[in-house]
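Read in the UniProt record's numbering, the sequence shown has 123 at position 123, and its numbers run on one by one without any break.
All remarks here apply to the structure that follows.
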Amino acid sequence: MNPEYRNKKIENKIRGLISEGLQKIKVPEIDALKSYIVISRVLVSKDKRFADVFVSYIGDADSRKRAVELLEKYKGFFRKYIAQNLRIYTTPELRFKEDIGIEESIRINKLLDEISKNNKNISDK
Numbered sequence: 001m002n003p004e005y006r007n008k009k010i011e012n013k014i015r016g017l018i019s020e021g022l023q024k025i026k027v028p029e030i031d032a033l034k035s036y037i038v039i040s041r042v043l044v045s046k047d048k049r050f051a052d053v054f055v056s057y058i059g060d061a062d063s064r065k066r067a068v069e070l071l072e073k074y075k076g077f078f079r080k081y082i083a084q085n086l087r088i089y090t091t092p093e094l095r096f097k098e099d100i101g102i103e104e105s106i107r108i109n110k111l112l113d114e115i116s117k118n119n120k121n122i123s124d125k
């Protein structure tokens, strides 16, 4: 099996298991936030020792940072959950990170809209 294909399969499976574990974890701090947390993507290192988990949060930047900190705090739970549900030689160490890609694309779209409005106003004159 192609190693890149295998890594993609593992990344998708880990992403799904973290989302599943997020629904099963019984921590009051996370319970309040989990309906706003989205695991957007997972990148596994070539040696499969590390997995960068990118987290999007529907809310402001402070809440997003708080969500990532909480997930980082309870990463042992998620790693154990993955180990119990994924047949892999070693379970990667999880590193939760903010995924600012969605916000960045929204910001770029707003800028493009402003540019097109300005161009339209200039052409109307």
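All C-beta atoms in this analysis are idealised placements derived from N, C-alpha and C, irrespective of residue type, glycine included.
Since we're looking at a predicted model, the values are computed, not measured.
Short CB-CB distance (under 8 Å) between residue i and chain B
i	result
I37	The structure shown contains no chain B; it holds only a single protein chain.
Residue i classed as buried or exposed, judged by whether at least 16 other C-beta atoms fall within 10 angstroms
i	result
V27	exposed
F50	exposed
K62	Per the sequence shown, residue 62 should be read as Asp rather than Lys. Exposed: under 16 other Cβ atoms inside 10 Å.
L111	exposed
R64	buried
P3	exposed
I82	buried
Distance, residue j Cα to residue i Cα
i	j	result
K48	T90	7 Å
F96	I122	46 Å
L17	E104	27 Å
Q23	K34	7 Å
V42	D60	22 Å
I88	I115	50 Å
K9	R66	29 Å
K46	R6	10 Å
CB contact flag (residue i, residue j, <8 Å)
i	j	result
L94	R79	yes
V44	E20	no
Cβ distance (whole Å) where residue i is taken to contact residue j below 8 Å
i	j	result
I14	Y36	Wrong, their Cβ atoms sit about 21 Å apart, outside the cutoff.
V68	E98	5 Å
Practice problem: For the region 39-65, list the beta strand (DSSP E) runs that are entirely contained and at least 3 residues long, ordered along the chain. | Solution: With a minimum length of 3 residues, the continuous beta strand (DSSP E) runs that stay inside the region 39-65 are 50-57.
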